[in-house]
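J.:
Number of protein chains: 2
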Amino acid sequence: MTDTMQRIVLASRPEGAPAHVNFRLEDTPLPEPGDGEVLVRVHYLSLDPYMRGRMDDAKSYAKPVEVGQTMEGGAVGEVIASNSDLFKPGEFAFGMFGWASHGVLPAKALQKLSPDLAPISTALGVLGMPGLTAWHGLTSIGKPQHGETLVVAAATGPVGSMVGQLAKARGLRAVGIAGGPEKCRLAVETFGFDACLDHRAHPDAASLREALAAECPDGIDIYFENVGGKVLESVLPLMNVGGRIPLCGMIAWYSGADLGDRNLLPAAWRAILVKRLLVQGFIIFDAYHRLPDFLEEVAPKVASGEVSYLEDITEGLENAPDAFMAMLKGGNTGKTVVKLV
Amino acid sequence: MTDTMQRIVLASRPEGAPAHVNFRLEDTPLPEPGDGEVLVRVHYLSLDPYMRGRMDDAKSYAKPVEVGQTMEGGAVGEVIASNSDLFKPGEFAFGMFGWASHGVLPAKALQKLSPDLAPISTALGVLGMPGLTAWHGLTSIGKPQHGETLVVAAATGPVGSMVGQLAKARGLRAVGIAGGPEKCRLAVETFGFDACLDHRAHPDAASLREALAAECPDGIDIYFENVGGKVLESVLPLMNVGGRIPLCGMIAWYSGADLGDRNLLPAAWRAILVKRLLVQGFIIFDAYHRLPDFLEEVAPKVASGEVSYLEDITEGLENAPDAFMAMLKGGNTGKTVVKLV
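Residue numbers (full-length UniProt numbering), protein chains in the order written: chain A, 1 to 341; chain B, 1 to 341.
1) Please list the segments of the beta strand (DSSP E) lying wholly inside the region 224-260 of chain A, counting only runs of 3 or more residues, in order along the chain.
2) In chain order, what residues of the same chain have a beta carbon less than 8 Å from the beta carbon of G34/B, not counting five sequence neighbours either side?
3) Run the CB neighbour count on K329/B, radius 10 Å, all protein chains shown included, and call it buried at 16 or more, exposed below.
4) Would you kindly work out how many angstroms separate the C-alpha atoms of W99/A and G179/A, rounded to a whole number?
5) If you scan the region 154-213 of chain A from start to end, which runs of the beta strand (DSSP E) of 3 or more residues do you find wholly inside it?
6) Considering only the alpha carbon of each residue, which of P203/B, D221/B, T333/B, K168/B lies closest to A195/B?
7) Taking the beta carbon of Y288/A as the centre, do at least 16 other beta carbons fall within 10 Å, making it buried, or is it exposed?
8) K168/B CB to nearest chain A CB: under 9 Å?
9) According to DSSP, simplified to helix, strand and coil, what is M129/B?
10) I need the DSSP call for D293/A, collapsed to helix, strand or coil.
11) For the region 260-279 of chain B, enumerate the residues whose C-beta is nearer than 9 Å to any C-beta of chain A, in chain order.
12) Locate the beta strand (DSSP E) running through V279/A, then write down its first and last residues.
13) Could you have a look at S140/A and say whether DSSP puts it in helix, strand or coil?
14) Enumerate, from N- to C-terminal direction, the unbroken beta strand (DSSP E) stretches of 3 or more residues contained entirely within the region 11-54 of chain A.
15) Helix, strand or coil for V104/B? Go by DSSP, reduced to three states.
16) Using C-beta distances below 6 Å, list every residue in its chain close to A75/A, excluding the 5 sequence neighbours before and after it, in chain order.
17) If you draw a straight line from the alpha carbon of R276/A to that of G142/A, how long is it in whole angstroms?
18) Per DSSP, what are the beta-bridge partners of L110/B in this structure?
19) I need the DSSP call for F324/A, collapsed to helix, strand or coil.
20) Does DSSP put D221/B in a helix, a strand or coil?
21) Which value, in whole angstroms, describes the spacing of the CA atoms of M250/A and V9/B?
22) Mind checking F324/B: buried by the 16 CB within 10 Å criterion, or exposed?
23) Could you list which residues in chain B have their beta carbon closer than 8 Å to that of W253/A, in chain order?
24) For T70/B, which three-state DSSP category applies?
25) Strictly below 8 Å CB to CB, what residues from chain B border residue 344/A?
26) Cutting at 6 Å between CB atoms, please list the residues of its own chain near A187/B, excluding the five before and the five after it.
27) Helix, strand or coil, according to DSSP, for K335/B in the structure here?
28) Give the interface partners of F282/A over in chain B, defined as CB-CB distance under 9 Å, in chain order.
Next up, the structure:
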């Protein structure tokens with residue numbers, strides 16, 4: 001066993017879109033597990049949009065990553081040393097190990113995985129945080145009703161693709177939005193969306209709205225909000241009375257995208273008032289207690305192939321920054337993971 | 001009995017703040033009630049911020065008033081002729097008679113009033129739509145909990161003053177916002193707010209926010225939203241995790257007030273996400289079925305004096321436009337009514 005490990009730290013805070021200069025790969029001594037702790041060798045590291053928020057020094061639902069600290073993130077890997085009765089070496093676990101080749105965490109902070117049930121990488125995507133985000137936001141805030149219409153952006157991403165599939169399974173019309181014709185094709189063919197619009201083909205919100213209106217002849221009842229920006233601006237006027245907007249992200253605005261016009265907040269407030277909309281923010285860390293219910297419904301469907309998922313796999317920890325930056329620009333198609341082993 | 005009546009029609013649509021040119025006083029023949037209808041002589045006419053929205057040709061929750069049509073509005077008056085078993089001449093009723101001295105409506109569209117219970121003008125304010133708006137928004141969306149902090153603007157207005165009194169009765173800290181030191185004094189002394197801030201003393205949102213933060217040491221759990229604009233911008237960063245924002249109006253933006261910065265929608269969306277806020281629009285016409293429950297709780301408190309209310313009474317239908325325009329600029333202190341008889 002090697003006595004060093006690798007990690008990627010936040011070298012400096014980005015202004016707008018992150019760049020290479022904001023990350024630094026380091027070698028550090030391999031830590032030893034203390035009492036009740038386990039040492040894990042990471043196989044797959046998750047890259048998610050929320051991590052962009054952690055790079056800023058702004059007050060948020062979680063503390064920012066400090067400059068010089070390991071970039072935060074969930075990962076799955078194999079236990080290689082254990083000082084806990086809960087784990088034996090050779091078992092697999094999910095935990096918040098960060099962007100690192102190895103990590104030590106209390107055994108109680110880990111979630112044990114069964115590699116027989118599904119590939120362990122799915123614990124980062126379709127059966128992990130993104131899948132739970134989709135399921136929790138849709139069921140607890142979206143409250144989908146048979147025959148309604150749902151819109152979600154990043155439709156081939158791990159959240160959007162799950163939202164679409166769950167909506168279809170509940171008898172809704174599901175309209176996706178994605179970047180480029182290839183993703184739109186995947187959204188319809190792989191994930192079963194009724195239609196998918198390429199936001200890149202629409203230079204402004206008015207154009208995108210016109211296309212959305214054509215695909216949503218009965219209006220929009222649920223807008224699962226994970227992007228903000230132009231898509232939000234397009235969707236709001238099409239919302240039906242009593243519509244619901246679960247809000248879990250705003251990736252379009254994370255890295256300094258165009259803020260839009262000055263009248264957007266008044267226009268949004270007016271839409272919420274006139275249509276009696278419900279807009280509710282949620283973060284998945286509030287809903288981890290629902291993970292067992294989620295897995296009970298969705299894990300068998302992943303195993304049977306009824307629920308599809310896509311992974312964008314990048315090899316090597318040193319390539320994580322590039323994969324992360326590409327994801328923020330929409331370069332990913334499915335769940336972005338970095339394969340370390 | 002006279003055979004003519006007076007009414008005020010929408011003469012033209014306003015751009016921004018309404019002006020005299022947008023209204024016209026007309027004499028018209030007194031209508032005769034048809035089968036099942038009653039003729040009412042209006043005693044008090046209600047003036048409310050929502051009417052500003054009806055003057056625009058924009059899609060909203062209700063049709064706009066057409067140019068040449070009577071301005072919409074609720075009113076209370078005495079039945080002077082009846083072709084219905086439901087009403088006898090001499091009885092009092094509330095109905096949507098518009099800005100007019102008389103009106104004919106189906107008896108079923110009227111609500112009978114007991115002048116012994118409370119002055120009939122209260123059916124336009126503290127025991128009418130504004131009171132119900134406050135009670136419904138606070139109880140069904142705000143879900144106040146003992147010990148929480150609530151903020152509401154237009155704190156001496158008919159909605160804000162009721163919100164504050166209901167919040168205090170439920171054990172919350174209630175902080176009002178109003179225009180000018182006299183209104184702020186009334187908010188505290190007459191309506192029992194713990195504190196009231198004069199928004200005119202704060203040139204920008206940052207200044208108002210600093211003052212609010214000092215009066216809300218535990219943050220804000222409920223922001224009852226009826227104004228938008230600078231107050232909203234001040235409040236959002238102070239909201240606590242899990243806060244609720246019942247949204248029933250945005251008077252600051254109705255007549256072309258400053259729209260604020262371009263980053264307001266991203267900032268609002270970020271606050272909703274990070275604080276997991278619930279924002280829900282509602283209009284009182286969706287909640288009229290709750291009127292009996294509301295009256296059961298609040299009417300005895302009005303009769304006993306436990307719940308206070310203020311009325312701004314203008315005499316004469318011809319003065320309704322002036323009173324309406326003044327109200328939109330914050331010139332009213334309590335419920336704005338026009339006394340016709």
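Each residue gets a CB set at the ideal place from its N, CA and C atoms; glycine is no exception.
Since this is a predicted model, take the numbers as computed values, not measurements.
T.: Here's the rundown:
1) The region 224-260 of chain A contains these whole beta strand (DSSP E) runs: 239-247.
2) Counting only residues of its own chain and dropping the five nearest sequence neighbours on each side, G34/B has a CB closer than 8 Å to the CB of N83, V104.
3) Counting C-beta atoms within 10 angstroms of its own C-beta, K329/B has fewer than 16 neighbours from the protein chains shown and is therefore classed as exposed.
4) Rounded to the nearest angstrom, the two C-alpha atoms are 27 Å apart.
5) DSSP assignment within the region 154-213 of chain A yields the following whole beta strand (DSSP E) runs of 3 residues or more, N-terminal first: 173-178, 195-198.
6) The shortest C-alpha separation from A195/B is found at K168/B.
7) Y288/A comes out exposed.
8) It does not; no Cβ of chain A falls within 9 Å.
9) Helix at M129/B.
10) If DSSP states are grouped into helix, strand and coil, D293/A belongs with the helices.
11) So the list reads G260, D261, R262, N263, L264, L265, P266, A267, A268, W269, R270, A271, I272, L273, V274, K275, R276, L277, L278, V279, given in the order they occur along the chain.
12) Note, V279/A: beta strand (DSSP E), 278-281.
13) Helix, per DSSP.
14) Those beta strand (DSSP E) runs which fall completely within the region 11-54 of chain A and span 3+ residues are 23-29, 37-46.
15) Looking at V104/B - three-state DSSP - the assignment turns out to be strand.
16) Cβ neighbours of A75/A within its own chain (closer than 6 Å, five residues either side excluded): V42, L45, F97.
17) Taking the straight line from one Cα to the other gives about 14 Å.
18) Here L110/B is not bridged, per DSSP, to any residue.
19) DSSP, reduced to helix, strand and coil, places F324/A within a helical segment of the structure shown.
20) Three-state DSSP puts D221/B in a strand.
21) Spanning the two alpha carbons is a distance of roughly 45 Å.
22) Burial call: buried.
23) By Cβ distance, chain B contributes P266, W269, R270.
24) It is a strand residue.
25) This structure does not reach residue 344/A, given that chain A is present from 1 up to 341, and the question cannot be answered.
26) Only A155, T156, G176, A178, F193, C196 meet the Cβ criterion.
27) In the structure shown, K335/B falls within a strand segment according to DSSP collapsed to helix, strand and coil.
28) Chain B residues near F282/A: L273, R276.
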